[in-house]
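Structure, as structure tokens:
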Amino acid sequence: MKSFVLLFCLAQLWGCHSIPLDPVAGYKEPACDDPDTEQAALAAVDYINKHLPRGYKHTLNQIDSVKVWPRRPTGEVYDIEIDTLETTCHVLDPTPLANCSVRQQTQHAVEGDCDIHVLKQDGQFSVLFTKCDSSPDSAEDVRKLCPDCPLLAPLNDSRVVHAVEVALATFNAESNGSYLQLVEISRAQFVPLPVSVSVEFAVAATDCIAKEVVDPTKCNLLAEKQYGFCKGSVIQKALGGEDVRVTCTLFQTQPVIPQPQPDGTEAEAPSAVPDAAGPAPSAAGPPVASVVVGPSVVAVPLPLHRAHYDLRHTFSGVASVESSSGEGSFSPLSYPPSLFYPIMFPNYMALPSILSTLTSDSPSPLTANILR
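Throughout the sequence shown, residue numbering follows mature numbering (1 follows the signal peptide of the UniProt record, and there is no 0), covering -18 to -1, 1 to 354 in sequence.
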């Protein structure tokens, strides 16, 4: 057994060890614990959490591999593969990531896998490209650790939707504060003993007093949006009926940040927190994700019977917002970094003209040879 563990550790080390710049391949492979590599990985995780519109924050688990490509005229591009772990902090929760707990395996944990390109220029790190996916641990792995632990349930299950509606209605009925609207059903589990449905969901405060609401449709979100997070449990009583337990925590308000306009006036800009608030979709109509494709935003429908919010529905392998707004930066899309961070071309100044033909229906012979 000890020999197996030693062999596994050696394999992990061999998978990510320092290799100097290869003049043929055109890149170098620093060690995974290299300070710049770790900083690039942390910048990538920070980018992921800032742009997640739903679900929970992720934290860095490990760096699997890294390649560093020179970028002309200046800078370096880190092509990094990382593993992430889901935390218990919702993306709307302002709690610093360092203070967020990683979800335990007995709670049916979720892991992520990302391929990210990070530009280092003038000592600053910015994300150019992100492709991720995530998945819950297998039921077999959870059962091995805890045979009676509940597994994740589909978020659109009628029992889950009912539990969220009842829990939120109970909280609003007992609250002396603002009426809360449902933003998102975040997580759900069917608990065997006692027979119950455990749910977690995000909410937003409105301009109505909870106990005075007659028509919820007339309640509006606050100008300085205030989000919150609730945990609820609906227990089935032995003699019929339900026992509802719910707690909600409201976060600090999100100030509206004014931005200068061309005429010198200021206009209100959306908060940095994803604007996910609004009436939550019903079980029959899941929310629609938005991904950035260069300067455009494209709606991507989420799977109906999902038990968690897969990272791939937000980070599907498109150029990041940062890269699309930067001057002279290339969008890697699905092409290798060596093509977009020129190091192999004798006449690399001609690269922009090559790139302009990549999306052409009839690429030039030169482009065809490059992509072949």
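Beta carbons: idealized from backbone N, C-alpha and C, even for Gly.
Computed from a predicted structure; not experimentally measured.
Sequence-distant Cβ neighbours of Ala145 in its own chain, meaning closer than 6 Å and more than five residues away, are Val179, Val181 and Val216. Of the candidates Phe297, Phe211, Cys190 and Ala23, the residue whose Cα lies closest to the Cα of Gln106 is Ala23. Of all C-beta pairs linking the segment 65 to 75 to the segment 42 to 49, three or more are shorter than 8 Å, placing the two stretches in contact.
Ser83 counts as exposed, since fewer than 16 other C-beta atoms from the protein chains shown sit within 10 angstroms of its C-beta. Taken atom to atom, the span from the alpha-carbon of Gln21 to that of Thr231 is near 32 Å.
Between Phe297 and Lys113 a beta carbon distance of about 6 Å is seen, short of the 8 Å cut, so the two are scored as contacting. Secondary-structure assignment with DSSP links Pro118 through a beta bridge to Val92.
As the crow flies, the alpha-carbon of Leu110 is around 44 Å from that of Ala192.
In the three-state scheme derived from DSSP, where H, G and I count as helix and E and B as strand, Thr296 is classed as coil. Looking at the DSSP output, Thr66 sits in a beta bridge with Leu42 and Gly94. In this structure, His287 places its C-beta atom within 8 Å of the C-beta atom of Pro136.
Excluding the 5 residues flanking it on each side, Val173 has same chain C-beta neighbours closer than 8 Å at Pro132, Val179, Ser180 and Ser215, in chain order. Residue state for Arg169 is assigned as strand, using DSSP reduced to three classes. A straight line joining the alpha-carbon of Val73 with that of Asp61 spans about 25 Å.
Inside the segment 158 to 236, DSSP marks whole beta strand (DSSP E) runs of 3 or more residues at positions 160 to 173, 178 to 191, 209 to 218 and 224 to 232, from first to last along the chain. Taking 8 Å as the cut-off, the Cβ atoms of Ala151 and Val165 do not count as close.
Its chain contains Gln103 as the residues whose beta carbon lies nearer than 7 Å to that of Thr56, once the 5 sequence neighbours on both sides are disregarded; these appear in chain order. DSSP places Ser83 outside both helix and strand once states are collapsed to three, so it counts as coil. The C-alpha of Gly159 is placed about 14 Å away from the C-alpha of Leu203.
By the CB criterion at 8 Å, His90 and Gln171 fall inside the cutoff. Closest by C-alpha distance to Asn31, out of Gln218, Arg85 and Pro78, is Pro78. Shortest Cα-Cα distance from Gly8 to any of Arg54, Glu194 and Thr235 involves Arg54. For Ser140, no pairing in a beta bridge is given by DSSP. By a beta-carbon distance limit of 8 Å, Thr88 does not contact Tyr38. Their separation comes to about 17 Å.
Under the 10 Å beta carbon count, Lys219 is surrounded by fewer than 16 other beta carbons and is classified as exposed. The Cβ-Cβ distance between Tyr161 and Pro198 falls below 8 Å. For Ala155, the closest alpha carbon among the candidates Cys190, Ser47, Leu127 and Val143 is that of Cys190.
Shown here, Tyr29 sits in a helix according to DSSP, grouped into three states. In this model, Ala205 and Phe183 are separated by some 22 Å (Cα to Cα). Taking 8 Å as the upper bound for CB-CB distance, Pro12 and Val48 are in contact here, some 6 Å apart. Cβ-Cβ distances below 8 Å link Arg141 to Ala135, Phe172 and Val179 in the same chain, with the five nearest sequence neighbours on each side left out; the list follows chain order. Counting other Cβ atoms within 10 Å of its Cβ, Arg169 reaches 16 or more and is therefore classed as buried.
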